[in-house]
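Since the structure comes first, as structure tokens, the remarks are kept for the end.
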Amino acid sequence: MRAGHRPAHTTSIQALDLYDVMGELCGAGSSPLRCLSLGPLTDIARLLIADTRQGTSLGLKRWMHITAMGGALDYRRPGTAGHSWRMNPVAVQTVLAEAEPVTLVLSEHTFIEEIAVSACSPIYRLLASRPDEWARLLREHYDQFFACFYDSSKLHDAVGASPMLGRGFVRGSVREFELRRDARMCEGTGTRAWLSEEVDTPPIMAWVEHVFRDVQTTGAAQVMGRLSPEHVGSL
Numbered sequence: 001m002r003a004g005h006r007p008a009h010t011t012s013i014q015a016l017d018l019y020d021v022m023g024e025l026c027g028a029g030s031s032p033l034r035c036l037s038l039g040p041l042t043d044i045a046r047l048l049i050a051d052t053r054q055g056t057s058l059g060l061k062r063w064m065h066i067t068a069m070g071g072a073l074d075y076r077r078p079g080t081a082g083h084s085w086r087m088n089p090v091a092v093q094t095v096l097a098e099a100e101p102v103t104l105v106l107s108e109h110t111f112i113e114e115i116a117v118s119a120c121s122p123i124y125r126l127l128a129s130r131p132d133e134w135a136r137l138l139r140e141h142y143d144q145f146f147a148c149f150y151d152s153s154k155l156h157d158a159v160g161a162s163p164m165l166g167r168g169f170v171r172g173s174v175r176e177f178e179l180r181r182d183a184r185m186c187e188g189t190g191t192r193a194w195l196s197e198e199v200d201t202p203p204i205m206a207w208v209e210h211v212f213r214d215v216q217t218t219g220a221a222q223v224m225g226r227l228s229p230e231h232v233g234s235l
């Protein structure tokens, strides 16, 4: 969302038309609209398409600075695109063709064991030691995931969001690549974006643990207020 913008009203954003909300934000200042995608790019693509159909465009493809967790140059299943992208390949094509700049935190750097949380991890043990309701909720969520799916859960959302939050954990550069119709990425030409190239995992784990430790003394609202000066939206 617009840096530093705080709507005066308290109307739930879910009850409003998203394009109208973006229009209000565009009129609220001159800084970029920072958009974070941690799943399919459907909503962002719809915004871009809606903008091109307006008599007077908001210019969202220039205003929106998009960070997306998705894509892979070396996906673990070479015959298919990553999960979020194969859910809506057309949306991927639309966003990468229309918007600039786009930052992509690739699957190679979010599906790694170094960012996994298990029942033996310091983060889980911290949650288990806290009597707070928020800690109990997170711990129970982990317990259900471990019982039903896998014995660990990766902090991919934290990695994916960290560039937008101004953290230096993920490093990369603007690169050109080929984007296929099914949203698979491969070495080649035709599409440009900022691509992650490496991730410094120990500071990420320490950062998340620090956030949870800080919550116990200062309160969640104060912690979130210090994470970034931005008002960040996730689409």
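Heads up: the sequence shown at position 169 corresponds to 169 in full-length UniProt numbering, and the numbers run straight through without jumps. By construction, the Cβ of each residue, glycine as well, lies at the ideal position given by its N, Cα and C atoms.
Check	Outcome
Pro229 in three-state terms, based on DSSP	Here Pro229 scores only 40 on pLDDT, less than 50, and its place in the model is too uncertain to base an answer on.
Cβ distance (whole Å) where residue 282 is taken to contact His65 below 8 Å	No information on residue 282 is available, as it lies outside the stretch 1 to 235 that the chain covers here.
Val159 versus Ile123 - alpha carbon distance	15 Å
Closest by C-alpha distance to Val199, when choosing among Thr110, Tyr75, Ser31 and Met22	Thr110
C-alpha distance - Leu104 paired with Phe177, whole-angstrom precision	12 Å
Inter-residue Cα distance where the pair is Leu106 and Thr56	35 Å
Run of the alpha helix (DSSP H) containing Cys148, from where it starts to where it stops	Glu133 to Cys148
Per DSSP, cross-strand counterpart(s) of Val174	Trp194
Boundaries (first-last residue) of the alpha helix (DSSP H) holding Arg62	Leu60 to Trp63
Proximity of Gly172 and Leu155 at Cβ, strictly below 8 Å	no
Nearest-angstrom Cα separation, counted from Arg180 out to Arg136	43 Å
8 Å CB neighbourhood of Thr189 in its chain, flanking five on each side removed	Glu176, Phe177 and Glu178
Segment limits, alpha helix (DSSP H) that includes Thr94	Pro89 to Glu98
Backbone CA spacing between Gln93 and Phe145 [nearest angstrom]	32 Å
Contact check, Asp74 vs Glu114, beta carbons under 8 Å	no
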